[in-house]
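In full-length UniProt numbering, the protein residues as written are 1 to 397. All residues carry an ideal CB built from backbone N, CA and C; glycine is no exception.
Here you go:
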């Protein structure tokens, strides 16, 4: 589909979905965003749903301002995927050992490494820039400095919720590795610190929603936020790269005879800010639950722990600020999913997938998510499909 436009106070709201299918609370969030004095455009992806601070699946283009709550607390959260030389014919009949080895290599939930991962010991991992990156930790907000040791040990860990590590096959039977995570606790604490600062600033006192408090260009508060934001986005990217290196090491050891090789990594943020230019204006574009889909750019759009995911190439649609959805998107809250479904439902909906099938991941059941194939159909003018993947192992926090 192309987009549907609904009216907003300062800018029209372009929606790549049927507005009637969007919850009232999410529509109200979008209308609130469209009242911001600095806004120059608002695009809404087909995975749209209500989110803390701002709507998930929204692309907010502002001039001279950025809203930290619209980025969210998992700064730099995103996806990575790698195509391997393995095929379904290389896979063992029992996948439980492989899943167990992955869980041993990559801490999940609130877990962390006993000692910080030394990237110099990781096969093929480029360490250029690593020392400089950690050196810049001295320049982040004083409020989080005491978390340095935790940030070091959480580098290369998964987290919980919708974060995942998956082994998948494509339609040709080729094995792919895929993972989803962000900036862990350090990103969360940086975000919460800056959201608190923004909400106290005088220019934000008259906003319709205090969650939409912004920083304005050429102020010390904006400079401090952008410094910490970009550092956290880099942390998230390194976090995924280290996890992928750990995952590849597991695959090398478990499939020694096949001598697996790996294609270059595809990686994309979906909670972040970028400086981009549209219609002659330099804008700060916030994607919350949306990926960049510039012309020819690779992206990853996952479904859920029992459905398909997609490797895509962007079509460079400027009406969507060169964006696309970040996944299927939830159709019900976590609490609603726990009330609605049972562990037996989870077992049924993840049949054929080696994964957790217990009450601890019931809120991640496929039935809590929108239909990924329908979401993809709604954004045919935003991306083209390169590969359709189906997981055979899914690791959750």
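Using only the alpha-carbon positions, how far apart do residue i and residue j sit?
{"i": "residue 363", "j": "residue 108", "result": "16 Å"}
{"i": "residue 22", "j": "residue 49", "result": "7 Å"}
{"i": "residue 189", "j": "residue 320", "result": "30 Å"}
{"i": "residue 212", "j": "residue 11", "result": "16 Å"}
{"i": "residue 47", "j": "residue 264", "result": "28 Å"}
{"i": "residue 182", "j": "residue 275", "result": "20 Å"}
{"i": "residue 281", "j": "residue 61", "result": "10 Å"}
{"i": "residue 143", "j": "residue 223", "result": "16 Å"}
{"i": "residue 30", "j": "residue 54", "result": "8 Å"}
{"i": "residue 146", "j": "residue 187", "result": "14 Å"}
{"i": "residue 159", "j": "residue 56", "result": "19 Å"}
{"i": "residue 113", "j": "residue 91", "result": "28 Å"}
If residue i sits next to residue j, beta carbons under 8 Å apart, how far is it from one beta carbon to the other, in whole angstroms?
{"i": "residue 76", "j": "residue 268", "result": "Actually they do not touch by this definition, with Cβ atoms about 11 Å apart."}
{"i": "residue 385", "j": "residue 376", "result": "7 Å"}
{"i": "residue 102", "j": "residue 156", "result": "Rounded, the Cβ-Cβ distance is 13 Å, inconsistent with contact."}
{"i": "residue 59", "j": "residue 323", "result": "5 Å"}
So what's residue i in DSSP terms, helix, strand or just coil?
{"i": "residue 230", "result": "helix"}
{"i": "residue 176", "result": "strand"}
{"i": "residue 96", "result": "helix"}
{"i": "residue 281", "result": "strand"}
{"i": "residue 365", "result": "coil"}
{"i": "residue 331", "result": "coil"}
{"i": "residue 322", "result": "coil"}
Which residue from the options puts its Cα closest to that of residue i?
{"i": "residue 153", "options": "163, 238, 227, 94", "result": "238"}
{"i": "residue 229", "options": "193, 91, 370, 177", "result": "193"}
{"i": "residue 369", "options": "349, 380, 356", "result": "349"}
{"i": "residue 174", "options": "262, 132, 315, 202", "result": "262"}
{"i": "residue 43", "options": "67, 14, 24", "result": "14"}
{"i": "residue 334", "options": "359, 37, 119", "result": "359"}
{"i": "residue 38", "options": "285, 389, 394", "result": "285"}
{"i": "residue 308", "options": "366, 7, 354", "result": "366"}
{"i": "residue 304", "options": "351, 272, 26", "result": "351"}
{"i": "residue 35", "options": "187, 7, 24, 53", "result": "7"}
{"i": "residue 317", "options": "141, 5, 383, 65", "result": "383"}
{"i": "residue 185", "options": "195, 178, 150", "result": "150"}
{"i": "residue 64", "options": "257, 219, 187", "result": "219"}
{"i": "residue 67", "options": "313, 391, 204", "result": "204"}
Just mark residue i as buried or exposed, buried being the case when its beta carbon has 16 or more other beta carbons within 10 Å.
{"i": "residue 295", "result": "exposed"}
{"i": "residue 288", "result": "buried"}
{"i": "residue 302", "result": "buried"}
{"i": "residue 396", "result": "buried"}
{"i": "residue 378", "result": "buried"}
{"i": "residue 80", "result": "buried"}
{"i": "residue 52", "result": "exposed"}
{"i": "residue 344", "result": "exposed"}
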